[in-house]
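Novice:
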Amino acid sequence: MNGHVLALSGGVGGAKLAAGLADVLAPGRLTVAVNTGDDFEHLGLTICPDIDSVLYTMAGLNDRQRGWGMANESWHMMEQLRRLGEEDWFNLGDRDLATHIARTWRLRAGSSLSQVTAHLATSLGIAQQIVPMSDNPVRTQVHTGNGWTDFQRWFVSEQCRPAVSEIRFAGTPGAVISPGLAEALAREDLAAIVICPSNPFLSVDPVLAVDGVREALMNRAVPCIAVSPLIGGRALKGPLSKLLAERDLRRGNIDIAQHYGALVDSIVIDRGDADDAPALREGGHAVTLAETLMRSAADQERLARDVLAAAGVEL
Ligand code: FO1
């Protein structure tokens, strides 16, 4: 089938596969619905880290080494901010800052997050649709020994150190699905749903927590395929391995597949983790082995092709 593809994505790893999908699918055949649970208000600006990771990666502007923000960045604004004694725990590069300024004034002028995101994507020359999961604010919070903490405080300022006993998505229930995500889910020509290799607990669960999203995904009789963010039982970046250990989940891909349960039909795992395949199949999931490490745009495209082939999507 050569219809439309809906991808659910968080930042970094998810954004890389989303960019691969964007490159191999003809313009207009992809909608990427992005987690906004990591969003926050900082120094009067609305920051949407995962949307920006997807925008920058699709536009080829992302910094691969740092994993977030833009390549060829400079930090003059942060230096000056420090001199003024302002908060400096969250780093905003000079080029990246333009995105936050553009987003913030447009939101304040009355545009929705969907409209602003579409404007940013078009301005950066992106020909596929990037949509937030919801236009209503949803804020991920983690419960640690210090009580409930906003996600970015825990992630950046506390460097994910405090153990997390619970995660909640403030604003859900009640957050309305974004028009672009609702439209993609209702498309007659929807051929597949791809869950990108993002953190299931912190990046995909917030999308599933938006009113009606999980049900709408379950109701679509198209292949739903998740790409595991683990290689050799570990996440390359971010706090996923730590969260799994804190939950006493020690079976890697099997725990990821169980977390998604009946939502996904099929899981793509790294070729090196082939030993996990029998248990995954026993659990009711089809399994595809692929090279899931994405170091370059060519890697992203290769994985995108493998994922689409596994989902039966024609190019
Ligand atoms: N991550 C950090 O570890 N430190 C930072 O100072 C930081 C700044 C930042 C600014 C803009 C942006 O879009 C992302 C930024 N990130 C930073 C990454 C961000 O916190 C995470 O990538 C995501 O929220 C997790 O997916």
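The opening position of the sequence shown corresponds to residue 8 in this note's numbering, with each subsequent residue numbered one higher.
Every residue, glycine too, gets a C-beta built ideally from N, C-alpha and C.
Fair warning: this is a prediction, and the values are worked out from it, not measured in the lab.
#1: Taking DSSP's pairing of strands, which residues face Phe-97 in a bridge?
#2: Is Leu-99 near ligand 1, judged by its Cβ being under 7 Å from some heavy atom?
#3: Just curious, the beta strand (DSSP E) that Leu-209 is in, first and last residue?
#4: In the DSSP assignment, the beta strand (DSSP E) including Gly-154 goes from what residue to what residue?
#5: Could you check which residue in Ala-269, Val-275, Ala-66 and Asp-280 has the C-alpha nearest to that of Arg-309?
#6: Return the Cβ separation of Cys-231 and Ala-25 in integer angstroms, given the expectation that the two are a contact with Cβ distance under 8 Å.
#7: Under a three-way DSSP split, which group does Ile-263 fall into?
#8: Going by DSSP, which residues form a beta bridge with Glu-48?
#9: List in chain order: all unbroken alpha helix (DSSP H) runs of 4+ residues lying wholly within the stretch 226-287.
#10: For Asp-45, is the beta carbon positioned less than 7 Å from some heavy atom of ligand 1?
#11: Which whole-angstrom value is the C-beta distance of Val-39 and Ser-16, which I expect to be below 8 Å?
#12: How big is the Cα-Cα spacing for Glu-80 and Cys-167?
#13: Please determine whether the Cβ atom of Ser-248 lies at a distance below 7 Å from any heavy atom of ligand 1.
#14: Check whether the Cβ atoms of Val-138 and Gly-178 lie closer than 8 Å to each other.
#15: Under 8 Å between the Cβ atoms of Phe-176 and Val-145?
#16: Can you check DSSP and say which residues form a bridge with Glu-173?
#17: Going along the chain, which residues of its own chain have a beta-carbon closer than 8 Å to the beta-carbon of Thr-43, five neighbours each way excluded?
#18: Could you give the DSSP three-state label for His-292: helix, strand or coil?
#19: Assuming the contact rule is C-beta atoms closer than 8 Å, Arg-115 and Val-123 should be a hit. Round their C-beta distance to whole Å, please.
#20: Is it right to say Arg-90 is buried, meaning 16 or more other beta carbons lie within 10 angstroms of its own, or is it exposed?
#21: Measure the Cβ-Cβ separation of Val-31 and Leu-250 and say whether it is below 8 Å.
#22: What does the Cβ neighbour count give for Ala-193, buried or exposed, with the cut at 16 atoms within 10 Å?
Specialist: Looking at the atomic coordinates:
#1: Residue 97 sits at position 90 when you count from the first residue of the sequence shown. According to DSSP, which records beta bridges pairwise, Phe-97 is partnered with nothing at all.
#2: Residue mapping note: residue 99 aligns to position 92 of the sequence shown, counting from 1. Answer for Leu-99: yes, Cβ within range of ligand 1.
#3: For the purposes of this step, residue 209 is taken as the residue at position 202 of the sequence shown. Neither: Leu-209 is in no beta strand (DSSP E) and is coded neither H nor E.
#4: The count along the sequence shown starts at 1 and reaches residue 154 at position 147. From DSSP, the beta strand (DSSP E) with Gly-154 extends over 154-157.
#5: Here residue 309 corresponds to residue number 302 of the sequence shown, with the count starting at 1. Residue Val-275 is the option with its Cα nearest to Arg-309.
#6: Locating residue 231 in the sequence shown gives position 224, where the first residue counts as 1. Locating residue 25 in the sequence shown gives position 18, where the first residue counts as 1. Wrong, their Cβ atoms sit about 16 Å apart, outside the cutoff.
#7: Working through the sequence shown from its first residue, we reach residue 263 at position 256. Reduced to three states, the DSSP call for Ile-263 is helix.
#8: Translated into positions along the sequence shown, residue 48 becomes position 41. According to DSSP, Glu-48 bridges with Thr-53.
#9: 247-253 and 260-267
#10: Walking along the sequence shown from the start, residue 45 turns up at place 38. Asp-45 Cβ: within cutoff of ligand 1.
#11: Here residue 39 refers to the residue found at position 32 of the sequence shown. Here residue 16 refers to the residue found at position 9 of the sequence shown. Confirmed, Cβ separation roughly 5 Å.
#12: The residue given as residue 80 occupies position 73 in the sequence shown. The residue given as residue 167 occupies position 160 in the sequence shown. Roughly 24 Å separates the two Cα atoms.
#13: Within the sequence shown, the letter at position 241 stands for residue 248. Every heavy atom of ligand 1 is 7 Å or more from the Cβ of Ser-248, so no.
#14: One-based indexing of the sequence shown puts residue 138 at position 131. One-based indexing of the sequence shown puts residue 178 at position 171. Contact: no.
#15: Taking the first residue of the sequence shown as 1, we reach residue 176 at position 169. Taking the first residue of the sequence shown as 1, we reach residue 145 at position 138. Yes, the Cβ-Cβ distance between Phe-176 and Val-145 is below 8 Å.
#16: Numbered from 1 along the sequence shown, position 166 holds the residue referred to as residue 173. DSSP, once it has assigned bridges, lists His-150 as partnering Glu-173.
#17: On the sequence shown, position 36 is the one that residue 43 refers to. Hits under 8 Å: Cys-55, Asp-57, Ile-58, Leu-120, Pro-139, Met-140, Ser-141, Pro-144, Val-145 and Pro-213.
#18: Residue numbering aside, residue 292 sits at position 285 when the sequence shown is read from its first letter. His-292 falls in the coil class under three-state DSSP.
#19: Taking the sequence shown and counting its residues from 1, the one referred to as residue 115 is at position 108. Taking the sequence shown and counting its residues from 1, the one referred to as residue 123 is at position 116. 10 Å between Cβ atoms; not a contact.
#20: On the sequence shown, residue 90 is found 83 positions in, with the first residue counted as 1. Arg-90 should be labelled exposed.
#21: The residue you call residue 31 lines up with position 24 of the sequence shown. The residue you call residue 250 lines up with position 243 of the sequence shown. Their beta carbons are not under 8 Å apart, which means Val-31 does not touch Leu-250 by this criterion.
#22: Here residue 193 refers to the residue found at position 186 when the sequence shown is read from its first residue. Under this definition Ala-193 is an exposed residue.
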